[in-house]
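K.L.:
Encoded as structure tokens, here's the structure I'll be asking about.
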Amino acid sequence: MHFDLLIRNAKIVDGAGVPWYKSDIGISGDKIVRIGNLVNATATIEIDASNKILSPGFIDTHTHFDLVPFAFAEAEDQTNKRRLYQGITTQIVGCCGISPAPISENKKSEWFDRTFALNNYKDAHWNSFSEYLEQLDHCCLGTNYACYVGHGTIRYNVMGYDDRSPNKEEMEKMKKLLAQSIEGGAIGMSTGLIYPPGVFASTEELVNLSSVLKKYNAIYASHIRNENTRWMESINEVIEIAMKNNIPAIIHHVKTKAKDSEQLVKNILQAIHDARNSNVDITFEQYPYEASSTGLTVILSSWIVEGGKDKILARLKDHALFKKMHADICKDYKWQNEEEEWAGSKNILILSAKNHEHFIGKTIYEIAKALGKKPIEAAFKILIGSDLQSYAAYFGIKQSDIKEIMNSPYGMFGSDSDPTKIGEHVHPRANGTFPRILGKYVREEKTISLENAIYKMTGFPATKFNLHQRGLIKENFYADIVLFDDKKIADTTTYVKPFEKPEGIDYVIVNGSIAIKNGEFTNKFAGKVLRKKY
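To get our numbering, take the position in the sequence shown, counting from 1, and add 98.
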């Protein structure tokens, strides 16, 4: 028997959570066609995998790389090679309520500028979600893509940045856009309930709109309203939406910086367990770092961000509003505040800031001290000077909580990584999440077994997202494969040097094509757009 690619003597962790076994694997075209003793077989390419782990390609369940493959986005990693370096073969985009489609032509300018920090969008030749996926089909894709449609995107198309409930006509328009997007290939709908315009949506609105998902058994995923002081209220909202519509739900990036975090984490995991015992299909994803990351506008109360960028900037520049903004930022829990008190400015590290690159790598506290200003004044200066295009890391997540969450049977892994342009900084999770889990939490600290970690990276999300014939090392499944040294695999990134390559990953195969060979990118683009099947 002859194969295109033959991998011999591998220790296979197959993605199902079962103990590893030794075998050979024969690949022809984009599929695994034989698993077993293939000593007499031949192949065009052979790889000796002795003493290496062979697993399914990792599925990153949470990224914001929606536009990265498009040249007009000017992304630092347009090829997705940094995704491949860490073993990712499929990534889920459109998270946190934000997607590039559907978008009407007259709404593109503000949405692409405010949401994706892009003024050059003339090559975004789409309006509907299906048109976006069709254009993505024609990109050089290093990885596979599966995409949520964003609730924020849908709401913005119909209601802009209005802080109010939709009327009947507006709700029907949103439902129509959601149905068209799912039928166009979206795997579900995501919400970002700390970001405008999602922050303005009531539970009633979300229950009503999500009823559309039931017909397609599509996922409702949520960046919840508050991850510090109102976690239980926020998680119960997700459970309510899923229960009332009988739809699967995912909670984005479970974590907390709350002072009483140990008990809170136990309560969160218990709530998920109890909901599942009540027949609610709810799961979550997690990243393994002590800091979160998002735009600096997240510190602002909801009334400050109503109405779009120009109005936000006008308020930030209005000295008469300063005292009210300062007070509300510290007490307004309708909007998720990443730090309860501005003493927490020591824990906010600037990762990128347009026109203020000299602030990158410094905390708000350090910047304020250098400027002779209060921390909140320094934050406003950065927001205004960067035209709201500034991002930060927010420290305060405890290692003990990361480990407790990681041991839940209901969690997957997602990097929550943001794209960057050349010269910008990024959170290290963008380039190190999966090697960090396998190196630090599996090998070094033994928080989780190798087989369970691989299951959470592969078989579990493939099933959750209904990624047909992916996520397992199995005959007739697509050949998305990682070959790595479990004794060497490691995340080498830091917050100062976030672009370092991981160690210990030898080969990455996407749809039968070798994308990483001996740790180096081969310039092969075999990724596919994975559409929702219903």
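Think of the CB as a built atom: it goes at the ideal place given N, C-alpha and C, for glycine as much as any other residue. Given the structure is predicted, the values throughout are model-derived calculations rather than measurements.
Take the Cβ of Arg629 as the centre, count every other Cβ of all protein chains shown within 10 Å, and call the residue buried at 16 or more, exposed below.
P.N.:
buried
K.L.:
Quick one: measure Cβ to Cβ for Leu182 and Phe619, integer angstroms, because I've assumed they're closer than 8 angstroms.
P.N.:
6 angstroms
K.L.:
Hey, how far is the Cα of Trp118 from the Cα of Gly557?
P.N.:
14 angstroms
K.L.:
Within its chain, find whatever has a CB closer than 6 angstroms to the CB of Glu522; leave out the 5 residues flanking it on each side and keep chain order.
P.N.:
Ser450
K.L.:
Does the Cβ-Cβ distance between Val111 and Ile552 come in under 7 angstroms?
P.N.:
yes
K.L.:
What is the DSSP secondary structure of Val540, counted as helix, strand or coil?
P.N.:
helix
K.L.:
Using C-beta distances below 8 angstroms, list every residue in its chain close to Glu438, excluding the 5 sequence neighbours before and after it, in chain order.
P.N.:
Any answer about Glu438 is weak, because its pLDDT of 45 lies below 50 and its placement is not dependable; what the coordinates show is given next. Apart from the 5 residues on each side of it in sequence, Glu438 sits with its Cβ closer than 8 angstroms to the Cβ of Asn326, Thr327 and Cys428 in its chain, given in chain order.
K.L.:
Might you give, ordered along the chain, the residues of its own chain that have their beta carbon closer than 6 angstroms to the beta carbon of Trp440, omitting 5 neighbours on each side?
P.N.:
Any answer about Trp440 is weak, because its pLDDT of 48 lies below 50 and its placement is not dependable; what the coordinates show is given next. Excluding sequence neighbours, Trp440 sits near Pro473 and Ile474.
K.L.:
My understanding is that Phe156 touches Phe478, with C-beta atoms under 8 angstroms, so please give their C-beta distance in whole angstroms.
P.N.:
Not confirmed; about 40 angstroms, so no contact.
K.L.:
Need the endpoints of the beta strand (DSSP E) that Glu455 sits in, please.
P.N.:
From DSSP, Glu455 is part of no beta strand (DSSP E); its letter is neither H nor E.
K.L.:
List the residues that DSSP assigns as beta-bridge partners of Gln189.
P.N.:
Asp158 and Tyr243
K.L.:
Could you tell me how far apart the beta carbons of Gly185 and Gly248 are, in whole angstroms, since I believe they sit closer than 8 angstroms?
P.N.:
Going by Cβ atoms, the distance from Gly185 to Gly248 rounds to 27 angstroms, so no, they are not a contact pair.
K.L.:
DSSP state of Leu414, grouped into three classes?
P.N.:
Helix, per DSSP.
K.L.:
Taking only the alpha-carbon atoms, compute the straight-line gap between Leu136 and Lys631 and give it to the nearest angstrom.
P.N.:
Taking the straight line joining both Cα atoms gives about 34 angstroms.
K.L.:
What is the residue span of the beta strand (DSSP E) that His321 lies within?
P.N.:
Ile317 to His321
K.L.:
By Cβ distance, which residues of its chain are closer than 7 angstroms to Met257, with the 5 residues on each side in sequence left out?
P.N.:
Pro264, Glu268 and Pro295
K.L.:
DSSP three-state label for Tyr576, please.
P.N.:
In the three-state scheme derived from DSSP, where H, G and I count as helix and E and B as strand, Tyr576 is classed as strand.
K.L.:
Rounding to the nearest angstrom, what Cα-Cα distance links Tyr221 and Glu229 in this structure?
P.N.:
The identity of residue 221 in the sequence shown is Asp, whereas the question assumes Tyr. Distance between the alpha carbons of Asp221 and Glu229: 13 angstroms.
K.L.:
Are there any heavy atoms of the ligand PLP lying less than 6 angstroms away from the beta-carbon of Ile186, as far as the coordinates show?
P.N.:
Of the ligands one can find in the structure shown there are none, so the ligand PLP has no counterpart to examine.
K.L.:
Going by DSSP in three states, His223 sits in which element: helix, strand or coil?
P.N.:
coil
K.L.:
Across the stretch 498 to 512 and the stretch 362 to 375, are there enough close Cβ pairs to call them in contact, namely three or more that are closer than 8 angstroms?
P.N.:
Result yes; three or more Cβ-Cβ pairs closer than 8 angstroms.
K.L.:
Assuming the contact rule is C-beta atoms closer than 8 angstroms, Leu486 and Ile410 should be a hit. Round their C-beta distance to whole Å, please.
P.N.:
7 angstroms
K.L.:
Please look up how many angstroms separate the CB atoms of Leu581 and Ala139, rounded, as I've assumed it's under 8 angstroms.
P.N.:
So it is not a contact: roughly 18 angstroms between Cβ atoms.
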